[in-house]
Structures are given as C-alpha cells and as structure tokens.
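Residue numbers (the numbering used here), protein chains in the order written: chain A, 1 to 115; chain B, 116 to 223. Idealized CB from N, CA, C, for every residue including glycine.
Below you can see the structure in the form of structure tokens.
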C-alpha cells in the first residue's frame, strides 16, 4: 500500500534562518508531487508541483524553493525564513492514469512557526 | 473574488441531521474535489468528480458542470463527522484552487 511521510511534524524557527522540509512517498512510482501551505485562518494554497525528477513548477512567487532529487522525494526549502512563512505545510501525491489523474493523497503535514 | 466559494463558513448540526455544504467555482475545471480536514490538520480526500454524483457510505457529492456548482451531503450526521470540509477544483495543467472550508460541528 502507498504511504506518504513528512517531517518534522512541528518546527519553530527564527526569522532569517534556513528551512528544509522533506516528503517521501512509498509504494508507488512516478507520482506527481505537491507542496501546499495553509496559513492561519486561510485556505490551502498550492506552492509547487512536480511531474518528475528535477521538474519543479512554482505557482506562487515567494522566498521558498522546491526540489525533487529522487522519484519519491520532494523537499521544500528556504534560505531565509520570513514571519509570513508560518503555516501548515502539506505534501501530497497523485498518479496520472491514462489521460486523467486519480485522487490526491495528503501527508500528515508540518506545522511551522517563524518567530 | 475567489475562484472557489463555499457556504456556509460554519455549520452546527444536531446528530442525525441531514447536512449540505455548497461550493461554486468560476474557472474551467477537469475535476472537483471534496476534502476533509480533522482538527489535527490531516487531510483526507473524500471525493473527486467531474460529472454527476458519487456516494461513499453516508456521504454524497454532486456536481452540475453547467452551473459550476457542487454540493456535499451528509446523511444521518454523527459527531465524528465534525471537521472542516474543503472544496477544491483542478485543471489538466495541475493548477488547484481551494475554498476556505466549511467548519462543521455535529452535537450529540
């Protein structure tokens, strides 16, 4: 069966510090991978998606970046965190089946607080 | 104006009541998604649909493509249904737009 892991579960970081959040998927291959952010009191926002190794699409300009060094690994990074980067970060995956996608599966999330 | 609008924002129901959450969207889509987010933050995909109606247990989701509207119904609601329900739409270009969610509380 497929599973998706995210770590850490919670993180408190000072403004200006770097960030690295990791997401890995097991039990599937060549998934589409997604990073979302949910700021306090706001809806989910798609940050990045990847359709393959080394392929990253950015939906929202910001001081965050993403990388996909392996098929089932997706990393979200920042060189210098801002207060506005605080939020709940979710990784998700789904598969392309023929000409259509199946449903998305979400990881447990990382709650980031920037102080 | 948001691409996806949900109503109501908050909903309180007595156990056993029939519940409806509405979603309207303004962009072209390939699929509409209903998600459930529990207090701890975890999100589960309930439905993905592009036409008609789907049913899982006590949950029913419908979509009207012409009217750009979807509804999520919960029959015989239970306190364990208490969660935030999120409507989202996606297109073939991997763009996703999310509603701000409906917070449901079911009282025993």
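Item                                                                                                                                                    : Value
By the three-class DSSP mapping on this structure, what secondary structure does residue 145(B) have?                                                   : coil
Please list, in chain order, the chain B residues whose beta carbon lies closer than 8 Å to that of residue 88(A).                                      : 156
Quick check on this structure: which residue in 195(B), 187(B), 200(B) has the alpha carbon closest to the alpha carbon of residue 130(B)?              : 195(B)
For the stretch 30-90 of chain A, list the beta strand (DSSP E) runs that are entirely contained and at least 3 residues long, ordered along the chain. : 32-38, 44-52, 55-58, 64-70, 73-78
Taking residue 167(B) as part of the beta strand (DSSP E), name the residues at either end of that continuous run.                                      : 167-171
Please list, in chain order, the chain B residues whose beta carbon lies closer than 8 Å to that of residue 76(A).                                      : Chain B residues near residue 76(A): none, gap ~16 Å exceeds 8 Å.
Mind pulling the chain A residues with CB within less than 8 Å of residue 160(B)?                                                                       : 103, 104, 105, 106
Given a cut-off of 8 Å, decide if residue 76(A) and residue 28(A) are closer than it, judged by their beta-carbon atoms.                                : no
In terms of alpha-carbon separation, which member of 223(B), 222(B), 216(B), 221(B) lies closest to residue 117(B)?                                     : 216(B)
Report yes or no: is there a C-beta of chain B within less than 8 Å of the C-beta of residue 72(A)?                                                     : no
Going by the DSSP bridge assignment, what does residue 113(A) pair with across the sheet?                                                               : 12(A)
May I have the straight-line CA-CA distance separating residue 157(B) from residue 181(B), to the nearest angstrom?                                     : 32 Å
Just mark residue 112(A) as buried or exposed, buried being the case when its beta carbon has 16 or more other beta carbons within 10 Å.                : buried
Tell whether a beta-carbon distance below 8 Å holds between residue 203(B) and residue 153(B).                                                          : no
At a cut-off of 7 Å, is residue 66(A) close to the ligand COA when judged by its beta-carbon and the heavy atoms of the ligand?                         : Questions concerning the ligand COA fall outside what the structure shown contains, since it holds no ligand whatsoever.
Are the C-beta of residue 172(B) and some C-beta of chain A separated by less than 8 Å?                                                                 : no
For a contact meaning CB atoms closer than 7 Å, what does residue 216(B) contact in chain A?                                                            : 43
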